[in-house]
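Everything below concerns the one structure shown next.
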Amino acid sequence: MHVSGFSFVDLRDGEEIDHCGNYLELYHPHRLAFTWAIPEKSSGEDRVMVDIAETDTGSKLTLTVEMDPNWTEYIPQTEKAWSIMLDAMEKIVK
(Lines of atoms letter the chains of each structure in order from A and count residues from 1; the text may use other names and numbers.)
(Lines give C-alpha, C1' and ligand atoms only; values in the text may rest on other atoms or scores of the structure.)
Protein backbone atom coordinates (compact mmCIF):
# COMPACT_ATOMS: atom_id res chain seq x y z
CA MET A 1 0.00 0.00 0.00
CA HIS A 2 1.41 3.40 -1.00
CA VAL A 3 0.71 6.25 1.42
CA SER A 4 1.60 9.78 0.38
CA GLY A 5 -0.32 11.79 2.93
CA PHE A 6 -1.50 11.88 6.52
CA SER A 7 -4.20 13.33 8.72
CA PHE A 8 -4.67 13.29 12.47
CA VAL A 9 -7.07 15.04 14.79
CA ASP A 10 -6.07 16.84 17.98
CA LEU A 11 -8.72 17.69 20.58
CA ARG A 12 -8.23 21.27 21.85
CA ASP A 13 -10.69 22.75 24.31
CA GLY A 14 -13.41 20.43 23.01
CA GLU A 15 -12.72 21.32 19.37
CA GLU A 16 -11.36 18.75 16.92
CA ILE A 17 -8.45 20.22 14.93
CA ASP A 18 -7.34 18.30 11.84
CA HIS A 19 -3.65 18.36 10.94
CA CYS A 20 -2.78 17.04 7.51
CA GLY A 21 -0.02 16.96 4.98
CA ASN A 22 1.79 15.10 2.26
CA TYR A 23 5.12 13.34 2.45
CA LEU A 24 7.69 14.96 0.17
CA GLU A 25 10.91 13.07 0.94
CA LEU A 26 11.85 9.93 2.84
CA TYR A 27 15.51 8.96 2.93
CA HIS A 28 15.60 6.40 5.74
CA PRO A 29 17.12 6.88 8.26
CA HIS A 30 18.36 10.40 7.58
CA ARG A 31 15.59 12.66 6.27
CA LEU A 32 11.84 13.10 6.29
CA ALA A 33 10.15 16.09 4.65
CA PHE A 34 6.44 16.79 4.54
CA THR A 35 3.86 19.53 4.26
CA TRP A 36 1.91 20.53 7.37
CA ALA A 37 -1.46 22.26 7.37
CA ILE A 38 -4.46 22.93 9.57
CA PRO A 39 -7.23 23.48 7.00
CA GLU A 40 -9.68 24.94 9.55
CA LYS A 41 -7.19 27.68 10.42
CA SER A 42 -5.45 28.48 7.12
CA SER A 43 -5.46 27.72 3.42
CA GLY A 44 -1.64 27.57 3.35
CA GLU A 45 0.77 24.90 4.39
CA ASP A 46 4.22 24.77 5.95
CA ARG A 47 7.10 22.60 4.82
CA VAL A 48 8.73 20.56 7.58
CA MET A 49 12.12 18.85 7.31
CA VAL A 50 13.44 16.38 9.84
CA ASP A 51 17.13 15.55 9.48
CA ILE A 52 18.79 12.90 11.64
CA ALA A 53 22.56 12.54 11.93
CA GLU A 54 24.58 9.99 13.85
CA THR A 55 26.70 11.24 16.75
CA ASP A 56 29.18 9.53 19.06
CA THR A 57 26.46 9.11 21.68
CA GLY A 58 23.46 8.35 19.48
CA SER A 59 21.86 10.79 17.09
CA LYS A 60 20.94 14.44 16.60
CA LEU A 61 17.60 15.53 15.17
CA THR A 62 17.29 18.87 13.39
CA LEU A 63 13.78 20.09 12.66
CA THR A 64 13.26 22.95 10.20
CA VAL A 65 9.88 24.52 9.50
CA GLU A 66 9.40 26.85 6.53
CA MET A 67 6.35 28.97 7.32
CA ASP A 68 4.36 31.35 5.16
CA PRO A 69 5.58 34.91 5.94
CA ASN A 70 1.97 35.84 6.76
CA TRP A 71 2.24 33.64 9.87
CA THR A 72 5.39 35.26 11.35
CA GLU A 73 3.55 36.18 14.56
CA TYR A 74 2.96 32.46 15.22
CA ILE A 75 6.66 31.47 15.15
CA PRO A 76 7.06 31.40 18.98
CA GLN A 77 4.04 29.17 19.55
CA THR A 78 5.04 26.96 16.59
CA GLU A 79 8.50 26.48 18.11
CA LYS A 80 6.91 25.65 21.47
CA ALA A 81 4.49 23.12 19.94
CA TRP A 82 7.23 21.30 18.01
CA SER A 83 9.45 21.28 21.13
CA ILE A 84 6.67 19.67 23.16
CA MET A 85 6.17 17.00 20.47
CA LEU A 86 9.90 16.27 20.19
CA ASP A 87 10.28 16.06 23.98
CA ALA A 88 7.40 13.57 24.12
CA MET A 89 8.99 11.45 21.36
CA GLU A 90 12.35 11.52 23.17
CA LYS A 91 10.72 10.06 26.29
CA ILE A 92 9.20 7.25 24.23
CA VAL A 93 12.41 6.21 22.48
CA LYS A 94 14.64 6.31 25.59
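Its first residue numbered 2, the sequence shown is counted upward by one per residue in the working numbering.
Glycine included, every Cβ here is placed at the ideal spot set by N, Cα and C.
Rounded straight-line distance, which links the Cα of residue j to that of residue i
i     : j     : result
Thr73 : Ala38 : 15 Å
His31 : Tyr75 : 28 Å
Lys61 : Trp83 : 15 Å
Val45 : Thr63 : Inspection of the sequence shows that residue 45 is occupied by Gly rather than by Val. If I take the Cα positions, the gap works out to 23 Å.
Glu80 : Gly15 : 23 Å
Ala54 : Ile85 : 21 Å
Reduced DSSP category for residue i - H, G, I as helix; E, B as strand; rest coil
i     : result
Met68 : coil
Lys92 : helix
Thr36 : strand
Ser84 : helix
Glu46 : coil
DSSP beta-bridge partners of residue i
i     : result
Lys61 : Ala54
Asp14 : Looking at the DSSP assignment, Asp14 forms no beta bridge with any residue, so it has no partner.
Leu25 : Answer is none; Leu25 lacks a bridge partner.
His20 : Phe9
Residues of its chain near residue i, where Cβ-Cβ distance is below 6 Å and the 5 sequence neighbours each way are ignored
i     : result
Ala34 : Leu25, Glu26, Met50
Glu17 : Val10
Thr65 : Met50
Asp69 : Gly45
Same chain only: Cβ atoms within 7 Å of residue i, ignoring 5 sequence neighbours per side
i     : result
Glu67 : Asp47, Arg48
Glu41 : Ile18, Asp19
Ser5  : Asn23, Tyr24
Cβ neighbours of residue i in the same chain (closer than 8 Å, five flanking residues each side left out)
i     : result
Leu87 : Leu62, Leu64
Thr36 : Gly22, Asn23, Leu25, Glu46, Asp47, Arg48, Val49
Asn71 : Gly45
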